[in-house]
Structure formats: structure tokens, C-alpha cells
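My numbering numbers the first residue of the sequence shown as 94 and each following residue consecutively. Glycine included, each C-beta is placed from N, C-alpha and C at the ideal position. Below: the structure, in C-alpha cells.
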Amino acid sequence: MPKQWFFQEQGFEFAALQVLGATAYRMAEAGEVLATVERIADGDADLWFEEWMTTAKRVHSIAEESEKAGHVASARDAYLRASVYAGAAFFYVLATQDPGREIATWRWHRAAFEKAMHLWPTPVEKVDVPYEGTHLHGYFWSAGNERRPVVILVNGSDGPVSDMLSAGALDAVARGYHAITVDGPGQGYALYEQKLYFRRDWEAVITPVVDFLLKRPDVDPARIAMSGLSQAGYWVPRAAAYEHRIAAAVADPGVVRVGESWTRHFPPELLGMIDAGQTSEFDQIMAQVATQNPSLKLTAAKRLEPYGVTSIAAVLTELKAWDLTDDAPKIACPILITSPEDEQFWPGQSQELYDLVTAAGKELTVFTAAEGANWHCEPMAPQVRAQRIFDWLDTVLA
């Protein structure tokens, strides 16, 4: 177990570290983060929500005042910080006494983010990618008008779109890459405004994005890369196995069996109830335990929502098919798989994915506690992460 800096409740600790790590990209202010964390009682989801929103609204007011006075850079920075803080509040809203604030909070976060993007110093386009009779909404960050490589940034199961700035968009543009991200089914806009839910065959999402990119004169069709964060450590390899126009892929971390982030916490006899068809009894037990466990309460609400179900048993049954064992050998492009020390959701699966991939260009990179880059998705070392990933992309796409 890694050192706990702020909270004993591991979910709170991880979420706080994510916000603090965003200071590396001017997306948060260390003093604002520490002052907010200090006001939150360990494990109190209602206080978590209230205090992060208090900070978000205060910083948003600063942004509005700066914008009115013509201080564009100050307004941009403050809108972005407000968006990040609201995103932190939003993460636990379903575990509070008033979960009905979820959509309004998400819209508040997204509106602040879009205000920041409107004031961005480099070109940012809002994009709509055609997808199965509708569109997937997202953003395209341009590094210039000439033809360049592009990175498709794939978010995880619960991250706000602002995460994609620190997870690759800013570093991509700084290195001469374009970057694009869309909210896929079960993510952000697609979930809250379109009621589109997770799917395991993520190539059905990536292929329309590739089609969209290939119509742009500023994209080099031979250098389209894809990078996935968190649960996208499953989606990216899955898509790469079937969408062969991808020139390089990154999975952070590697995920072979998504369901193990759930099942590893349950005793075998409890999981056996699902196999025996005792799903109602299983869910009743989960509901009872959730009343005393804020992490499970969050899981029973937030983690089920993007699957479009209200039953943990239903999700565990669905996730049995989310397995890359047969898909990984079909990956043909170079792939970088990260393996962070103290990975708390899919421990050991990065190495397993690496072993399953047969492509010659595969590589495994380990992030360690000694370099401050441990835990899932390296929350406190985004620049170390970016250096490792983009140096690799520079090499394989040269």
C-alpha cells in the first residue's frame, strides 16, 4: 500500500492526488487544492462535493471578473481550474445525499471547460464525429495548418474531458502533434446528453474517428496514433486489434480483463452466486454493504451508470466478455504498455497484455514510486508520463 498523504479512504486519496497532479499543467493551483482538501472529512462524500464546488465557484468568479476586464490569460487559467475542481466534485456526487445534482454539476464543469477552450492561445475546434446515426462530440487541438501526426486520446470510464489536456493534448501540441478526443459511448456528453452506454468493441468508436481525421488536409494519414488512459487501457488495444490504420497505440495501463477491477474485491462464494443465477440475492447483499461503505456506494451508482444498468450482478455478467486474450495477438502496430507500481485496479495485467501481444513493436515501460509515478495512471507525475509516451511516439512514428 503506497503512502496516504491526505485521506485513508483510498478513493478520496486517489482523486485528491489527481487534482494536485494537474498543477503541472496550470490546471490547478497547489494552494487551492491543499486548502480544499483540508476542509474535507475523510470519507464524507457530501463534504467532498460541497468543498470542491465552493472552490470551483470562487475561482469561476475570478475568471468572469478577469474576462470582463480583458485579462484573457487570467480568465482562461481560472476557467480551466474551476472546471477541474468541479470535475473533482462531480466524481462523488452520486455518493452524496443529493445525487440528483449530477447532470447540473457535469454541465457546470463542461461549460467552464468550454470557456477556457474559447480563450485558448492555440486553435481548438469543437468537433462532431459521425457515429451510428448520431455524432460523438469532442475537441481537436491543432499544432498548425500543415500536415502533421495526430494522437487520438481515449478517456477512461469516469474521467472528465479536462483530463485529456494533461493526459496528452497539451504535450502533443507542444511536440508538433495534433490531438483529438471525443466522448465515446458511456463517457461525458455521450452519456449525459445522448444516453449512449459503454461498449466493448471500441473499434466501432475509433474507426469513425479515423475516417473523420482522414478527411482533414492537416492530418498525416500514415501517422495516426492512439493513446488510452485507465479503462481505455482495454479499449485502445481492442480497437488496435481491428482498426489497422492506427500507426501506434499506447495503453496506460494495460488491461486484459476489465471485470477484475470489480471481482478481485469479492470473495469467491459471493461471485459464485452470480454463476448460480442468484443475481437478486447478490445485489441485495451489495446494497446492504454499500450503506456502510462510501467506496462501494459510489461503485453501485457511478460505475454502473455508464453501462446503462442498475445492478452490479448485471455488470459483472456483461464484463465476462470484456477480455483481450483472443484479441491482443491481432494487434499489428507498435504498442506501448505502461505498468505503474501500486496499480490498484488491474495489477499485473500490463505484463499479461505485453505477453499476449505478438507485434514486433511492443514495449513495456514501468513507472515507479521512486520517481513519484506510482499508482493508477501516474496521477502525480503527468510530465514523466508524457515524456515517456511522446518520446516513444516520436521514435516509432519517425
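In whole angstroms, what separates the C-alpha of His469 from that of Thr116?
18 Å
Exposed or buried, what is Lys219 when buried is set at 16 or more other beta-carbons lying within 10 Å of its beta-carbon?
Lys219 should be labelled exposed.
Return the CA-CA distance between Gly163 and Ala209, expressed in angstroms with no decimal places.
Across the structure, Gly163 and Ala209 are spaced so that their CA atoms are roughly 14 Å apart.
Can you tell me whether Ser373 is helix, strand or coil according to DSSP?
helix
Quick check on Asp139: does DSSP put it in helix, strand or coil?
In this structure, Asp139 counts as helix in the three-state DSSP scheme.
Who pairs with Ser320 in a beta bridge, going by DSSP?
Leu246, Val343
Span separating the alpha-carbon of Val186 from that of Ala452:
42 Å
At a cut of 8 Å, does the region 393-404 reach the region 363-371 through at least three beta carbon pairs?
no
Looking at the secondary structure, which residues open and close the beta strand (DSSP E) in which Tyr232 lies?
227-234
Helix, strand or coil: how does DSSP classify Ala121 here?
coil
Given Ile317 as reference, the closest of Pro330, Lys161, Tyr270, Lys455 once Cα atoms are compared:
Tyr270
By the three-class DSSP mapping on this structure, what secondary structure does Ser404 have?
coil
Could you check which residue in Pro399, Val303, Ser176, Gln280 has the C-alpha nearest to that of Ala341?
A check of alpha carbon separations from Ala341 across Pro399, Val303, Ser176, Gln280 identifies Val303 as the nearest.
What span of residues does the alpha helix (DSSP H) with Ala195 cover, start to end?
Note on identity: in this sequence residue 195 is Glu, with Ala being the wrong assignment. The continuous alpha helix (DSSP H) containing Glu195 extends over residues 195-211.
Please identify the residue among Ala168, Ala138, Tyr178 whose C-alpha is closest to the C-alpha of Ala123.
Tyr178
Backbone secondary structure at Lys219 - three-state DSSP:
strand
Could you please give the first and the last residue of the uninterrupted beta strand (DSSP E) stretch that includes Val351?
Here Val351 belongs to no beta strand (DSSP E), and DSSP marks it neither H nor E.
If Tyr118 sits next to Ser259, beta carbons under 8 Å apart, how far is it from one beta carbon to the other, in whole angstroms?
5 Å
Starting from the C-beta of Thr215, find all residues in its chain whose C-beta is less than 8 Å away, skip the five residues before and the five after it, and write them out in chain order.
Trp234, Ser235, Ala236, Val266
Might you give, ordered along the chain, the residues of its own chain that have their beta carbon closer than 6 Å to the beta carbon of Ala134, omitting 5 neighbours on each side?
Leu140
Can you tell me the Cα-Cα spacing of Ala474 and Arg292, whole angstroms?
In this structure, the CA atom of Ala474 is about 30 Å from the CA atom of Arg292.
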